[in-house]
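Novice: Numbering (the numbering used here), first residue to last: 58 to 383.
Yeah, the Cβ is synthetic: ideal placement off N, Cα and C, and Gly gets one too.
Attaching a single structure in structure tokens format; questions to follow.
Encoded structure:
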């Protein structure tokens, strides 16, 4: 089959690789019908995530048709259209029983990304996301092996096209969880940093939950324009505004700040020259600019929800400011 394979930072190519086969009795084999590129894939592509090896296949947002099942698969059968979650979970461990599937203790033989993990088991394996998370081949290919076929995959009804169902694999649940964690309710004021797909879907979820005033912060004019036209968000371009948090606070009642802030940017935020140098030298893993702005913009007693991916140390994390906000 053909698959997109990794060969070093900024170097991927489509190659012929062996077709996947059933390895465990609860595996399924999927013929990919739709797949997407996530912002997290770009972290891998740029060489920001360790333990990515030559030949690794990326992709954790995919769906397709089941073409083969292991003998123990009961919930899915050949011919079903299914969406596959990013996380590979066993369905039976301590965390799976709590429905905290991303913390599954039984699927990842890698180390995970925690730097000070002690004896705690690593989190769940992830499709196409380095050997920190199991080195499981991803879905940017013609076929993929899906472990734990009775747990993760869910059937797509015929009335839903692939482009309507695909985002259930990762970014729509991520956006929904970000909005729910932010405790958004009727009449809430919200600021979303990052107008990528997760940020935009988070705005949609915030509107669905009743948010009244929504700010969107980014530097891509076309994304800001889309958010304003589609969702009625108030756009702030950080290339034009040196301090977006101040701009947000100026437009909130009593200059208190917003009820909730959502960081949909993460560790590759555009930071200062110092942060860029420290990150390139691998002395720090993340620019802290987006997170600092989030803490600055939220009201006391508000919530900062962070769906953005972070790694390693964060430069200038003002924990005292977070403490002061309650």
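1) With a threshold of 16 other CB atoms inside 10 Å of the CB of residue 73, please say whether the residue is buried or exposed.
2) Run the CB neighbour count on residue 356, radius 10 Å, all protein chains shown included, and call it buried at 16 or more, exposed below.
3) With residue 309 as the anchor, note down where its alpha helix (DSSP H) starts and where it stops.
4) Should the stretch 212–227 be regarded as contacting the stretch 75–84, the criterion being three or more beta carbon pairs within less than 8 angstroms?
5) Per the contact definition of three or more C-beta pairs closer than 8 angstroms, is the stretch 84–98 in contact with the stretch 196–205?
6) Determine the contact status of residue 227 and residue 95, defining contact as a CB-CB distance below 9 angstroms.
7) Evaluate the contact criterion for the stretch 254–274 versus the stretch 290–303: three or more CB pairs, one atom per stretch, below 8 angstroms.
8) Pick helix, strand or coil for residue 286, following the three-state DSSP scheme.
9) Within 10 angstroms of its Cβ, does residue 299 collect 16 or more other Cβ (buried), or is it exposed?
10) Could you tell me the distance, in whole angstroms, from the CA atom of residue 183 to the CA atom of residue 322?
11) Can you pull the DSSP bridge partners for residue 210?
12) Tell me whether the stretch 223–237 and the stretch 148–158 touch, counting them as touching only if at least three CB pairs, one residue from each stretch, are closer than 8 angstroms.
13) For my contact list, residue 351 and residue 361 are in at a C-beta cut-off of 8 angstroms; report their separation, rounded to the angstrom.
14) With respect to the beta strand (DSSP E) encompassing residue 87, which residues constitute its N-terminal and C-terminal limits?
15) For residue 173, does the count of other Cβ atoms within 10 angstroms reach 16, so buried, or fall short, so exposed?
16) Would residue 265 be called buried (16 or more neighbouring beta carbons within 10 Å of its own) or exposed?
17) Considering only their Cβ atoms, is the gap separating residue 280 from residue 252 smaller than 9 angstroms?
18) Identify whether residue 340 lies in helix, strand or coil by the three-state DSSP scheme.
19) Can you tell me whether residue 124 is buried or exposed, with buried defined as 16 or more other CB within 10 angstroms of its CB?
20) Please confirm if the stretch 112–132 is in contact with the stretch 160–170, defined as three or more CB-CB distances below 8 angstroms between the two stretches.
21) Residue 134 to residue 193, Cα distance in whole Å?
22) With a cut-off of 9 angstroms, does the C-beta of residue 190 fall near any C-beta of chain D?
23) What are the boundary residues of the alpha helix (DSSP H) that residue 97 is part of?
24) Give every residue of the same chain whose Cβ lies closer than 8 angstroms to the Cβ of residue 309, excluding the five residues on either side of it in the sequence, and list them in chain order.
25) What residue from 212, 290 and 91 has the CA that sits closest to residue 223's CA?
26) What residues match up with residue 121 in a beta bridge as DSSP calls it?
27) Quick check: the Cα distance between residue 382 and residue 311, rounded to an integer number of angstroms?
28) I'd like the list of long-range same chain contacts for residue 148, defined as Cβ closer than 6 angstroms, with 5 residues on each side in sequence excluded.
29) Quick check: the Cα distance between residue 303 and residue 313, rounded to an integer number of angstroms?
30) What are the residues that DSSP puts in a beta bridge with residue 62?
31) Apply the 10 Å Cβ neighbour rule to residue 319 and answer buried if 16 or more other Cβ atoms are within range, or exposed otherwise.
32) Closer than 7 angstroms by C-beta to residue 260: which residues in its own chain qualify, once you throw out the five before and the five after it? Chain order, please.
33) Is residue 156 helix, strand or coil by DSSP?
Specialist: Once the coordinates are examined:
1) The sequence position of residue 73 within the chain shown is 16, counting from 1. Classification for residue 73: exposed.
2) Locating residue 356 in the chain shown gives position 299, where the first residue counts as 1. So residue 356 counts as buried.
3) Position 252 of the chain shown, counted from the first residue, corresponds to residue 309. Residue 309 -> no alpha helix (DSSP H), and no H or E assigned at all.
4) no
5) yes
6) By 1-based counting over the chain shown, the position of residue 227 is 170. By 1-based counting over the chain shown, the position of residue 95 is 38. Going by C-beta atoms, residue 227 is nearer than 9 angstroms to residue 95.
7) yes
8) For this step, residue 286 is matched to residue 229 along the chain shown. Three-state result, residue 286: helix.
9) On the chain shown, residue 299 is found 242 positions in, with the first residue counted as 1. Residue 299 comes out exposed.
10) Indexing the chain shown from 1 puts residue 183 at position 126. Indexing the chain shown from 1 puts residue 322 at position 265. Spanning the two alpha carbons is a distance of roughly 20 angstroms.
11) In the chain shown, the residue the question calls residue 210 occupies position 153. Note: residue 210 sits in no beta bridge, so no partner.
12) no
13) The count along the chain shown starts at 1 and reaches residue 351 at position 294. The count along the chain shown starts at 1 and reaches residue 361 at position 304. With 8 angstroms as the limit, residue 351 and residue 361 qualify as a contact, their Cβ atoms being about 5 angstroms apart.
14) Taking the first residue of the chain shown as 1, we reach residue 87 at position 30. First-last of the beta strand (DSSP E) with residue 87: 85–93.
15) For this step, residue 173 is matched to residue 116 along the chain shown. That one is exposed.
16) As a first step, residue 265 is located in the chain shown; it is residue number 208 there, counting from the start. Exposed is the call here.
17) Here residue 252 refers to the residue found at position 195 when the chain shown is read from its first residue. Here residue 280 refers to the residue found at position 223 when the chain shown is read from its first residue. Result yes, Cβ atoms of residue 252 and residue 280 sit closer than 9 angstroms.
18) Locating residue 340 in the chain shown gives position 283, where the first residue counts as 1. In this prediction, residue 340 has a pLDDT of 45, which is less than 50 and means its spatial position is unreliable; nothing more can be read from the coordinates.
19) Taking the first residue of the chain shown as position 1, residue 124 is located at position 67. It counts as exposed.
20) no
21) As a working note, residue 134 is residue 77 in the chain shown. As a working note, residue 193 is residue 136 in the chain shown. Distance between the alpha carbons of residue 134 and residue 193 is about 22 angstroms.
22) Of the chains in the structure shown, none is chain D; there is only one protein chain.
23) On the chain shown, residue 97 is found 40 positions in, with the first residue counted as 1. Per DSSP, residue 97 belongs to the alpha helix (DSSP H) from 96–102.
24) Against the chain shown, residue 309 aligns to sequence position 252. Closer than 8 angstroms at the Cβ level, and outside the excluded window around residue 309, lie 246, 270, 315 and 356.
25) On the chain shown, residue 223 is found 166 positions in, with the first residue counted as 1. Taking only the C-alpha atoms, the option nearest residue 223 is 91.
26) Along the chain shown, read from residue 1 onward, the residue named residue 121 stands at position 64. Its beta-bridge partners are 89 and 139.
27) As a position in the chain shown, residue 382 is number 325, starting the count at 1. As a position in the chain shown, residue 311 is number 254, starting the count at 1. Each residue's Cα considered, the two are about 15 angstroms apart.
28) On the chain shown, residue 148 is found 91 positions in, with the first residue counted as 1. Excluding sequence neighbours, residue 148 sits near 208.
29) The count along the chain shown starts at 1 and reaches residue 303 at position 246. The count along the chain shown starts at 1 and reaches residue 313 at position 256. If you take the alpha carbons of residue 303 and residue 313, they lie about 11 angstroms apart.
30) For the purposes of this step, residue 62 is taken as residue 5 along the chain shown, with counting starting at 1. In the DSSP output, where bridge partners are listed per residue, residue 62 has 70 and 114.
31) Taking the first residue of the chain shown as 1, we reach residue 319 at position 262. Answer is buried; the Cβ neighbour count reaches 16.
32) Here residue 260 is taken as the residue at index 203 of the chain shown, counted from 1. Closer than 7 angstroms at Cβ, skipping near neighbours: 249, 271, 273, 284, 288 and 290.
33) Here residue 156 refers to the residue found at position 99 of the chain shown. Three-state result, residue 156: coil.
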